[in-house]
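Once you know that position 202 of the sequence shown is 209 in our numbering, the rest is easy, because the numbers rise by one and skip nothing.
The structure appears below as structure tokens.
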Amino acid sequence: MLPIDLQIIKYLFFEKPIYAYKIKPYLKMEGYHRLYEILENYQSARGLLHQPLEEATYTIFDLETTGFLPEIGHEIISIGAIQMEGLQACNIKKFHQIIRPIRPVHRHTLELTGLTRSQLQKGCSFIEGFERFLFFSQDSILVAHPAKFDMRFLQAMLKRWKLPQYDPPVIDSQLLAQWLLPDIRHQLDPLLRYFDIEQMERHHALNDAIMTAELFEQLLRGAVETGISDYHSLKENLSKVSKSKKTLPYC
8 MLPIDLQIIK YLFFEKPIYA YKIKPYLKME GYHRLYEILE NYQSARGLLH
58 QPLEEATYTI FDLETTGFLP EIGHEIISIG AIQMEGLQAC NIKKFHQIIR
108 PIRPVHRHTL ELTGLTRSQL QKGCSFIEGF ERFLFFSQDS ILVAHPAKFD
158 MRFLQAMLKR WKLPQYDPPV IDSQLLAQWL LPDIRHQLDP LLRYFDIEQM
208 ERHHALNDAI MTAELFEQLL RGAVETGISD YHSLKENLSK VSKSKKTLPY
258 C
């Protein structure tokens, strides 16, 4: 794989124009205009902000991507998610969607995620996959580990596809762990070991979402025990953590 500075140059002067050319046909499709309208009119349910944490619906999600930098053309190649009601990671609703990338995928990414070129080719477009994810996660609070990475990636992809921004209620479970367990490493694997959560095969979007859901259930119980009552109060506390500490790299 090329050094990052060469990747930037390659993307800006070669791949970015090609990417724009390849997505152009999609921008004329009915599905694109439908998604554009959905995002343009999107408003999260205001009741979620003050609903008791024990009663809210959460969509815990994970992305698999072709790299860490969407700003230089890295793409989402799968989305996995699971919903839990309140403090029960009941695993009733699951979501997994493979996304067909525009750019060729490096062999290292295929080895890491276990996806094959054939699976990726049969995947849906980003606009189709993201609309399905929106439908799955509607009227819920999103959770990711760390959310800073996943939401940044989603926003960058939306911008690249000339779509409106997306601003749902989000909880960063890594920040939540930093707040509740300041002496524990806050990447996913150490926390899974700390809570004795059975580890599934990693770097599979649905597997990672399921494990994060089990972790989030434990962390959410801890937040409720401190007296935090709703999403709004929790976000106020986590914003203080975000300002005082650096979030660890995505893993």
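C-beta atoms are modelled at their ideal positions from N, C-alpha and C, and glycine is treated no differently.
Fair warning: this is a prediction, and the values are worked out from it, not measured in the lab.
With a threshold of 16 other CB atoms inside 10 Å of the CB of residue i, please say whether the residue is buried or exposed.
| i | result |
| --- | --- |
| His115 | exposed |
| Ser85 | buried |
| Tyr39 | buried |
| Pro256 | Because Pro256 sits at a pLDDT of 48, beneath the cut-off of 50, its placement in the model cannot be relied upon, and the following sentence gives the value as read from the coordinates. It is exposed - the Cβ of Pro256 has fewer than 16 other Cβ atoms within 10 Å. |
| Gly136 | buried |
| Phe133 | buried |
| Thr123 | exposed |
| Met207 | exposed |
| Leu9 | exposed |
| Leu13 | exposed |
Compare the C-alpha of residue i against each of the options and name the closest.
| i | options | result |
| --- | --- | --- |
| Thr66 | Ser236, Lys101 and Glu205 | Lys101 |
| Glu118 | Gln225, Pro10 and Arg209 | Arg209 |
| Lys155 | Glu243, Pro171, Ile178 and Gln14 | Ile178 |
| Met91 | His81, Leu76, Lys31 and Phe68 | Phe68 |
| Tyr18 | Glu47, Gly130 and Pro111 | Pro111 |
| Ile16 | Leu55, Phe75, Thr64 and Gly80 | Gly80 |
| Gly54 | Thr73, Ala27 and Thr64 | Thr64 |
| Ile11 | Phe160, Leu46 and Gly74 | Gly74 |
| Leu170 | Pro32, Tyr26 and Ile45 | Ile45 |
| Thr233 | Glu138, Tyr201, Trp186 and Pro24 | Trp186 |
Is residue j closer than 8 Å to residue i when the C-beta atoms are compared?
| i | j | result |
| --- | --- | --- |
| Ile99 | Leu127 | no |
| Asp146 | Ala216 | no |
| Ser236 | Pro59 | yes |
| Phe21 | Ala88 | no |
| Ile109 | Lys35 | no |
| Ile204 | Pro176 | no |
| Glu37 | Ala163 | no |
| Tyr173 | Tyr49 | yes |
| Met218 | Leu188 | no |
| Leu227 | Leu94 | yes |
| His152 | Leu195 | yes |
| Ser180 | Leu222 | yes |
| Asp157 | Leu70 | yes |
Quick one: what's residue i bridged to in DSSP?
| i | result |
| --- | --- |
| Ile178 | Val150 |
| Asp237 | Pro59 |
*asked:* Restricting to runs no shorter than 4 residues, where is the alpha helix (DSSP H) found entirely within the region 120-171?
replied: 124-129, 133-144 and 154-167
*Output the residue ranges of the beta strand (DSSP E) runs that lie fully inside the region 33-118 and measure 3 residues or longer, sorted by chain position.*
64-72, 83-92 and 95-105
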